[in-house]
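Colleague: First the structure, which I've put down as structure tokens, then a few questions once you've had a look.
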Amino acid sequence: MKRINPVLSILILAALLLASCQAGGGDGTPAVTEPAGLPTEPAGLPTEPMEAAPTEPVEEPTEAAAPTEVMEEPTEATAPTEAMEEPTEQAAAPGAEGTAMIPQTGSGPAFFSTQFTPVEEQERFRAILQEGGFDFTASEEGPLIDLVLAGAQAGQSNVDVIGSLHGTFPPLQDQLMNMIDVYDDLSADREFTPAFVETGLLGSEDTLYYVPWMQATYIMAAHNDALEYLPDGVDINAMTWEQFAEWCQVLMDETGGPKCGLPHAGLFHRFLQGYLWPSFTGGMVTRFRSQEAADMLTWARDSLWPTIHPQSINYEFMQEPLLAGEVWVAFDHTARLIEAFNTEPENFVAFPAPSGPEGLGFMPVIVGLAIPNNTSDMEGAVELIDYLTQPETQARVLRELAFFPVVSGVDTSDLPEGVAIEAGAVEAQSAAENAIPALLPVGLGERGNELNQFFRNAFDRVVINGEDVNTVLEEEGENIQNLLNDTGAPCWPPDEPSDGPCQVE
Amino acid sequence: MAETTARRRKKKVNWAPYLLILPSLVYLALFFAWPMIRGITLAVREEGALLTLRSEAQQLSLPAGQLPRGAQVTILDRQANVITGDEPAQADQITEIWFQIRAAGSDGQTVEGWTPESRIRVQEQDESGRPTAGTVRTILSSAADPLTSVYAEASEGSEIVGRLEARTEVEILGQEVLETWFYIRGQEGESPPEGWVQARYIRTTGNGTQGRIDRGNAGQFTTRYIQRMVNDRFFWPALRTTLLLIVLIIPVQFILAMIMALVIQANPKGSGFFLYVFSIALGISDLAVGIVFYSIFTQLGFLNSILQSLGLIDAPITYLSARTRYWIIIAIWIAEVWRATAIIMVIVVAGLQAISHEVLEAAEVFGATLWQRIRFIILPLLKPSLQVALILRTILAFQVFSVVIVLGGGDIVTVLANETYRQYYELRNFNVAAAYASFIMLLSLASAVVYLRAVRSQEEVSG
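These protein sequence lines map, in sequence, to chains Z and X. Heads up, the first sequence is in the numbering used here, so the first residue is 1 and it goes up one at a time. Heads up, the second sequence is in the numbering used here, so the first residue is 1001 and it goes up one at a time.
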């Protein structure tokens, strides 16, 4: 017996080592199907709160809280079934990053995009890409930034092309290649919208961080039933925010409940930065705590928010409550309304955002393509960017995915009904006489999202929590000023350009 | 003889247990201790908080002082160190490359001088890879000067000898690789530190004589992130909501789990079926549970449909709104109780198996009622299992996340795990997110210690 023990223990040791190697590699695969399956639910459930967005972020906090999870190790003996649940979550945590980025098959440049992540859009976009011999991997913004930063540290980038919103690129400024040569070659045979090329500079003079790829904006959508309740004399294509609140009040009184909705859980900060503040104050940051802003917040608290559907705090994609009938009038991103227009084009209309005392503040959304340093497939990357910015491809993306082109010469005749409805509103909005284009913040670097939080804080504290307007605007204005001083960011449109850090008046 | 053999036998150490523990020690160190230390360090240490000033414009010279990040400085001098080709590039060295060029200027004259490499697009190279010809890149910014300046020397401080238009063809005569150093002096205090630093740490303002330290190269322990966490607008609401949920959910779950476990243990007909039904919730992810309960509680969801069809309400009630936060808490409470009771039930069932039937039968013979049997026999013998279940469930309850964001939207009702997520994912503030995560870990540890002391079984107390 005594001679057997050492042999036995070595055998058990070897078995343990093999088992731990297996567990590390094997657990990844079963977890793959779970998060990827969730985004396909929207068609069935009437009031799906979110789509792709939370499935991946859900896994992130299990990573953040990983130290507490691992504490269960010592108690595994007495809780075998408990341990069953935890490893699948833990395995799903690293596995979820792999599932969020459904890897592209085939060779060609490694194209990671944060746009077109919902499954239906992925398939349509993949079909467009495959005609050019390309493929892509849909990814969330956070993991994509981490991937690029990790590649920079390792000296070799796994990502060849990044396709993402403007706000993704400032944290990656040091890791991106200067696209100016690529842009130079491309602009030989196509014309890009100059304003978007300018934003691609991210505030620098001569470094182009991304080539503009697509644009979108935020518009309003209304069900035809809501049009009956429009107050007399109000033109839906030229109304003011006060008239909009009156309309919502009528809807609430006559239909038994609030029927207007705002995506409070979605891109609400763009609503505040690009639409409310510029329309009422004429600026974004400089006039943040002006008297007009205080009046606007008081109006929002007393006249607007009571008429907004209270479940707006859960709405991320307004097309779902619109189609479910919970909401009849909504404001949202064109890509988050398109399903409503495509599914029931005869029931919905799109119209430009209302204007305020200072004009029609609106915000264009710019999506760009960038190439990180140290990629392995530079030629393929440039070819892909060339393909995506050709007028024919831009027309296809417009037709099938409702993202608008950034090059001129795109054939916009014969659009599907849903896209045509949106295109009308987009055109009316940007061409309005009193349009105030509000651009995305530049110069804040990786702290750009903090600005979004301050705007949201100001609105939530006054309108939802009922705090005193002036105190809140003072405090949040102070926070914004500190952020601007820390980052040294100069003012950007709609504010007047400044010398040095932008000042909140 | 027999004694020495016996002594030798006693001295023989049994290595087997230590060999078996070794892999798990390695595993714990690699995947537990190391990441935990890194995570906690993120919360208390600020990398790049201080900038070390050097006595000479060289990496290896003596340090001459330190300045904090964000400090305003005066730039007194600058020096460009030429990096020759055979020196190995240091890992964090960022250098500028300047080209010596010759081209036809905008006024027709030949211009010869230096310009930064970023202004020239190299079109031709010779066999050894040295650039020989190129074109001037366009300046895209509408606010900047559209002409590229050519300097007399490889420095932006030297005089401008000419300007070139975009797309002008240039001949590249040579290049220099430079690392610029600034001699700076702080502006605070009586004898502020002064010394040389690499230019990339300073952001120049104005005309180049003033600057601001953008980031440093030395780390420092700080409570800044913990302060930011505590002063965050959402910290106290998140903490309160998390504790409230724990207090509401766990006692209810324990009572329910005990009842379920006793039902199963009593072995009625079909108890196996009950076990499976109770355990269904174990296999469902918490996000899916959140979505299911959202579809129940939403305004046009199942609950309202049922109540309306039964005639109990006229119009759908909105439960999940900012005005009715208590309803959101109730919905979260119901969802969590539904989802997680099975975890505790399974542990309790396992613990109940260990209680011998003879003791219970003896108690019944002696006339103990059901309640007396539960209180005096089952509960005390179950204490170890209850301890385990309590610790596990509380630790998991501190991490409650998906159900809360689905039902509450994340802004109106928030919990600590959601704040960790918001700081990391939306605000990209890794340090404050690490502070939140460490805080959750601290709370979990504290609760485990409390439980271990409070729920001690008799054997442990009496030693």
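We put the CB at the ideal spot given by N, CA and C, even for glycine. All values derive from a computational prediction rather than experimental measurement.
#1: Got a sec? Which residues, its chain only, sit under 7 Å from G448 (chain Z) by beta carbon, not counting five neighbours each side?
#2: Which residues in chain X have a C-beta closer than 8 Å to the C-beta of N470 (chain Z)? List them in chain order.
#3: Measuring from the CB of A1362 (chain X), is there a heavy atom of the ligand ATP at a distance below 8 Å?
#4: When DSSP builds the beta bridges, which residues end up paired with W247 (chain Z)?
#5: Which residues in chain Z sit within 7 Å of I1139 (chain X), going by Cβ to Cβ distance?
#6: Pull up the CB-CB distance for A1389 (chain X) and I1347 (chain X), whole angstroms please, since I reckon it's below 8 Å.
#7: Nearest to N434 (chain Z) by alpha carbon, out of Z:Y209, Z:L251, Z:F362 and Z:I145?
#8: Pull up the distance between the alpha-carbon of T1222 (chain X) and that of E1046 (chain X), whole angstroms please.
#9: Could you list which residues in chain Z have their beta carbon closer than 9 Å to that of L1067 (chain X), in chain order?
#10: Note down the Cα distance separating L13 (chain Z) from A1029 (chain X), rounded to an integer number of angstroms.
#11: Answer yes or no: do A222 (chain Z) and F351 (chain Z) have a C-beta to C-beta separation smaller than 9 Å?
#12: Can you tell me whether S1118 (chain X) is helix, strand or coil according to DSSP?
#13: Please classify V1177 (chain X): is it buried, with 16 or more other beta-carbons within 10 angstroms of its beta-carbon, or exposed?
#14: Can T1180 (chain X) and E1165 (chain X) be called in contact, C-beta distance under 9 Å?
#15: Which residue spans inside the segment 304-375 of chain Z form an unbroken beta strand (DSSP E) run of at least 3?
#16: DSSP three-state label for E476 (chain Z), please.
#17: Would you call E1336 (chain X) buried or exposed, if buried means 16 or more other Cβ atoms sit within 10 Å of its Cβ?
#18: Residues in the same chain with beta-carbon distance under 8 Å from S376 (chain Z), minus the five sequence neighbours each way, listed in chain order, please.
#19: Please report how far the alpha carbon of M1345 (chain X) lies from the alpha carbon of A1261 (chain X), in whole angstroms.
#20: Should Y1326 (chain X) be labelled buried (16 or more other beta-carbon atoms within 10 Å of its own) or exposed?
#21: Could you confirm whether any beta carbon from chain X is found closer than 9 Å to the beta carbon of P57 (chain Z)?
#22: Using C-beta distances below 8 Å, list every residue in its chain close to I145 (chain Z), excluding the 5 sequence neighbours before and after it, in chain order.
#23: In whole angstroms, what separates the C-alpha of F451 (chain Z) from that of P1380 (chain X)?
#24: Can you give me, in chain order, the residues of the segment 1321-1334 of chain X that have a beta carbon less than 8 Å from any beta carbon in chain Z?
#25: Beta-carbon within less than 7 Å of L11 (chain Z)'s beta-carbon, same chain only, minus the 5 sequence neighbours each way: which residues are those?
#26: For a contact defined as C-beta to C-beta under 8 Å, what are the partners of I963 (chain X) on chain Z?
#27: Considering only C-alpha positions, which residue in the set X:L1244, X:S1309 and X:Q1387 is nearest to I1330 (chain X)?
#28: Can you name the residues of chain X whose CB is closer than 8 Å to the CB of I12 (chain Z)?
#29: Alpha helix (DSSP H) containing Y209 (chain Z): first to last residue?
#30: Q1227 (chain X) lies in the beta strand (DSSP E); which residues open and close that run?
#31: Measure the C-alpha to C-alpha separation of Y209 (chain Z) and L384 (chain Z) and round it to an integer number of angstroms.
#32: Quick one: Cα of V1432 (chain X) to Cα of A1417 (chain X), how far?
#33: Going straight from the alpha carbon of L230 (chain Z) to that of I1440 (chain X), what length do you get?
#34: Indicate whether at least one CB of chain X lies closer than 9 Å to the CB of V197 (chain Z).
#35: Cβ closer than 9 Å: which chain X residues qualify as neighbours of G261 (chain Z)?
#36: Whole angstroms is fine: what's the gap from C491 (chain Z)'s alpha carbon to P310 (chain Z)'s?
Modeller: In this structure, then:
#1: G167, P170 and P441
#2: Chain X residues near N470 (chain Z): none, gap ~17 Å exceeds 8 Å.
#3: The ligand content of the structure shown is nil, which means the ligand ATP is not present either.
#4: Answer is none; W247 (chain Z) lacks a bridge partner.
#5: E205 and D206
#6: 4 Å
#7: Z:F362
#8: 7 Å
#9: Under the 9 Å cutoff, chain Z gives no residues; its nearest Cβ is about 16 Å from L1067 (chain X).
#10: 17 Å
#11: yes
#12: helix
#13: buried
#14: no
#15: 329-333, 348-351, 360-362 and 364-370
#16: helix
#17: buried
#18: Q156, S157 and D160
#19: 6 Å
#20: exposed
#21: Confidence is the limiting factor: at P57 (chain Z) the pLDDT is only 35, short of 50, which leaves the residue's position unreliable and the question unanswerable from this model.
#22: T168, P171 and L172
#23: According to the sequence displayed, residue 451 (chain Z) carries Leu and not Phe. So the alpha carbons of these two residues sit roughly 56 Å apart.
#24: S1321, A1322, R1323 and T1324
#25: none
#26: Residue 963 (chain X) is absent from the structure shown; chain X starts at 1001 and stops at 1463.
#27: X:L1244
#28: L1020
#29: Run containing Y209 (chain Z): none; DSSP gives neither H nor E here.
#30: Looking at the DSSP string, Q1227 (chain X) is not in any beta strand (DSSP E); the run it does join, the alpha helix (DSSP H), is R1224 to N1231.
#31: 16 Å
#32: 12 Å
#33: 51 Å
#34: yes
#35: Near G261 (chain Z) there are no residues of chain X at all, since even the closest Cβ is about 11 Å away, more than 9 Å.
#36: 35 Å
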